[in-house]
Amino acid sequence: MVNGSRVLAWTSSARRVSGVRRSLRSRLLLALPFICLLLGGSIAVYDAWLAPTLNFLTLDRVALPATGVKGVVFLFSDAPGWGPREAEVSARLREAGLAVVGIDTPTYLRAMSRHPDRCGYMVSDLESVAQSLQRSAGSQTYAAPIVAGFGLGGGLALDMVDQTPEATIGGTVVMDPASAVPLKVELCTPSGYLTTSAGEIYALHGGHEPDPVSVLLSPGATDDTRDRVGSMSAASADVKVIARDAPTADSLSEAVMTMSAAATVSRKALPIKVLSAVPRRDAMAVILSGDGGWRDIDSSIARLMQADGVPVVGVDSLRYFWSRRTPAETARDLSGVIEKYRAAWNVKNVLLIGYSFGADVLPATYAALPEATRRHIRLVGLLGFSKLADWQITVAGWFGSHGSAAAAALPIPAALPPGKILCVLGREEPDSACHDIVALGAETLVTKGGHHFGGDYPQIERALLAAYDARRAKRDSVAALTPSPGAPNTAAEQHMTQ
Numbered sequence: 491m492v493n494g495s496r497v498l499a500w501t502s503s504a505r506r507v508s509g510v511r512r513s514l515r516s517r518l519l520l521a522l523p524f525i526c527l528l529l530g531g532s533i534a535v536y537d538a539w540l541a542p543t544l545n546f547l548t549l550d551r552v553a554l555p556a557t558g559v560k561g562v563v564f565l566f567s568d569a570p571g572w573g574p575r576e577a578e579v580s581a582r583l584r585e586a587g588l589a590v591v592g593i594d595t596p597t598y599l600r601a602m603s604r605h606p607d608r609c610g611y612m613v614s615d616l617e618s619v620a621q622s623l624q625r626s627a628g629s630q631t632y633a634a635p636i637v638a639g640f641g642l643g644g645g646l647a648l649d650m651v652d653q654t655p656e657a658t659i660g661g662t663v664v665m666d667p668a669s670a671v672p673l674k675v676e677l678c679t680p681s682g683y684l685t686t687s688a689g690e691i692y693a694l695h696g697g698h699e700p701d702p703v704s705v706l707l708s709p710g711a712t713d714d715t716r717d718r719v720g721s722m723s724a725a726s727a728d729v730k731v732i733a734r735d736a737p738t739a740d741s742l743s744e745a746v747m748t749m750s751a752a753a754t755v756s757r758k759a760l761p762i763k764v765l766s767a768v769p770r771r772d773a774m775a776v777i778l779s780g781d782g783g784w785r786d787i788d789s790s791i792a793r794l795m796q797a798d799g800v801p802v803v804g805v806d807s808l809r810y811f812w813s814r815r816t817p818a819e820t821a822r823d824l825s826g827v828i829e830k831y832r833a834a835w836n837v838k839n840v841l842l843i844g845y846s847f848g849a850d851v852l853p854a855t856y857a858a859l860p861e862a863t864r865r866h867i868r869l870v871g872l873l874g875f876s877k878l879a880d881w882q883i884t885v886a887g888w889f890g891s892h893g894s895a896a897a898a899a900l901p902i903p904a905a906l907p908p909g910k911i912l913c914v915l916g917r918e919e920p921d922s923a924c925h926d927i928v929a930l931g932a933e934t935l936v937t938k939g940g941h942h943f944g945g946d947y948p949q950i951e952r953a954l955l956a957a958y959d960a961r962r963a964k965r966d967s968v969a970a971l972t973p974s975p976g977a978p979n980t981a982a983e984q985h986m987t988q
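Residue numbers (the working numbering): 491 to 988.
Below you can see the structure in the form of structure tokens.
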């Protein structure tokens, strides 16, 4: 028994969500006309039934602020469905400049039960709609969405936490969440779940949560709810429990606005992820992510490098390039990051790496770097490199295309020696720009699969480090041949510039 809820079974789960997320995300394309219709209308609150083909979500209840969109909140209702309390929260958040997507939780759960996928991945709809709403509204910075809910909706929001990838959801705020949610479909999550007579209870993997959680508990919260929340807060310091006098609209609204305000302050800084390590190669890496933000390939390769003694600074391209950047502006910011962390980690050399969107902007960015910074860059890794570079995140980019303002990524600028480049492409990428630069002397690595390299990220990390080691060894051997000051050695000097 779990405080009155009979335990039926404990099920372990090892569902991976990255592939599911990629396959589901493309379905948002069918929803874009509806999002544009919402943003193009003259009325800020929409109650008309709009049913784009998403995964589980419908856009039938969207409230938009009168001017600008500071962020997006997905508000899940309690078990009786959307009611006056949820509508009051939506109105208050809208007045604060937040767009609110209202979700009738019973309807949402029925949609999940009819879905054909082998497991339910809820985050895909939320992230994609939040991005498209903010892009269409002309928001100057991107705010990861906040998930909120009362009762049953709050319990479902807690179930979502463990399937949330890094840099996806800005936070979760729930009021008196249900201890268990009856689900007909297993969720895509790395953690297991407990089946009780009241429904399923999904666990947290523990430790750091990329999706911080605030749980508001009133005196009316059940013992089962308190037990579940207590277990979550014990497993992770990112789960906060806050006492409230009553489960009111005011309580939830204030907590959501507090979380949103804190996120607004953090967005003013450069969107970087710092992975410290004791350097074992006299080097650090800077990795520019793809347009989906800091996750999957970028994050995986960075963690592998960190484990191998190469500290990493990751740049979240989704957030950094949300507004249009120039090569000079990007170079200025990267140069500042490089010099700051070279000093902090006491290393001489730099691996400059980009994936997809991040790779496309690297050659022009490298050329715009100060010479004092460029001379420390031993390797430029172009992963999933294409012939065009978008200098701003676009909706087209999320579907594998380029925006109308994309610039040519080729030819490689003269300031970037081809001998510094390792270009990585999948066997199923016939249009990769790597084919265009191999004749110039750039090193290439062909992997299995396509743009995601068959998921073999350790192979790519090993290749990057091997390429760096080879270039460093070559430079060191040339340096050893360099004569004492004053004696000419033209050949050595030419090698030293590569």
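Even for Gly, the Cβ is constructed at its ideal location relative to N, Cα and C. Source: prediction; values computed, not measured.
- Under the Cβ criterion (8 Å, minimum of three pairs), the segment 730 to 749 does not count as touching the segment 686 to 700.
- Burial is judged here by how many other beta carbons sit within 10 angstroms of a residue's own beta carbon; residue 576 has at least 16 and is buried.
- In the structure shown, residue 749 adopts helical secondary structure according to DSSP, grouped into three states.
- In this structure residue 945 is not in contact with residue 918, their Cβ atoms being roughly 13 Å apart against a cut-off of 8 Å.
- Under the rule that a run must span 4 or more residues, the alpha helix (DSSP H) segments found entirely inside the segment 881 to 942 read 885 to 888, 924 to 927.
- For the segment 552 to 602, the full-length alpha helix (DSSP H) segments reaching 4 residues or more read 574 to 585 along the chain.
- DSSP lists 777, 871 as the bridge partner or partners of residue 843.
- Residue 661 is bridged by DSSP to 636.
- The Cβ neighbour count for residue 921, taken over all protein chains shown within 10 Å, is under 16; the residue is labelled exposed.
- In the three-state reduction of the DSSP assignment, residue 670 falls in the coil class.
- CA-to-CA, the gap between residue 894 and residue 602 works out to about 36 Å.
- In the DSSP assignment, residue 723 falls within the unbroken alpha helix (DSSP H) covering 713 to 725.
- About 5 Å separates the beta carbons of residue 642 and residue 668, which is inside the 8 Å limit, making them a contact pair.
- Counted as a single uninterrupted DSSP element, the stretch harbouring residue 802 is not any alpha helix (DSSP H) but the beta strand (DSSP E) occupying residues 802 to 805.
- Its chain contains 825 as the residues whose beta carbon lies nearer than 7 Å to that of residue 860, once the 5 sequence neighbours on both sides are disregarded; these appear in chain order.
- One thing to note: residue 870 has its Cβ within 9 Å of the Cβ of residue 842.
- Per DSSP, the continuous alpha helix (DSSP H) segment holding residue 825 begins and ends at 817 to 835.
- Checking the DSSP bridge columns, you'll see residue 838 has no partner listed.
- Residue state for residue 549 is assigned as coil, using DSSP reduced to three classes.
- Residue 928 and residue 934 do touch by the CB rule: their CB atoms are close to 5 Å apart, below 8 Å.
- Between residue 664 and residue 689 the beta-carbon gap is near 16 Å, outside 8 Å, which marks them as no contact.
- The segment 721 to 737 makes no contact with the segment 628 to 637: fewer than 3 CB pairs, one atom from each, lie closer than 8 Å.
- Here residue 930 is exposed: its Cβ has fewer than 16 other Cβ atoms, across all protein chains shown, within 10 Å.
- Minimum Cα-Cα distance from residue 681 among the listed residues 652, 594, 659, 865 corresponds to 652.
- The shortest CA-to-CA distance from residue 956 to any of 868, 622, 564 is the one to 868.
- Rounded to the nearest angstrom, the gap between the Cα atoms of residue 683 and residue 677 is 9 Å.
- The segment 553 to 564 and the segment 578 to 595 touch, with no fewer than 3 CB-CB distances between them shorter than 8 Å.
- For the set 862, 873, 635, 582, the Cα lying nearest the Cα of residue 738 is the one of 582.
- The continuous alpha helix (DSSP H) containing residue 651 extends over residues 641 to 651.
- By the C-beta criterion, the segment 877 to 884 is judged to be in contact with the segment 796 to 813, since at least 3 inter-stretch pairs fall below 8 Å.
- According to the DSSP secondary-structure assignment, residue 732 is paired through a beta bridge with 706.
- For residue 764, the uninterrupted beta strand (DSSP E) run begins and ends at 762 to 765, by DSSP.
- By the neighbour-count criterion, in which a residue is buried when 16 or more other Cβ atoms sit within 10 angstroms of its Cβ, residue 839 is buried.
- Counted as a single uninterrupted DSSP element, the alpha helix (DSSP H) harbouring residue 625 occupies residues 613 to 626.
- By the beta-carbon neighbour count (other beta carbons within 10 angstroms, threshold 16), residue 732 is exposed.
- In the DSSP annotation of this structure, the continuous segment of the alpha helix (DSSP H) that includes residue 855 starts and ends at 852 to 858.
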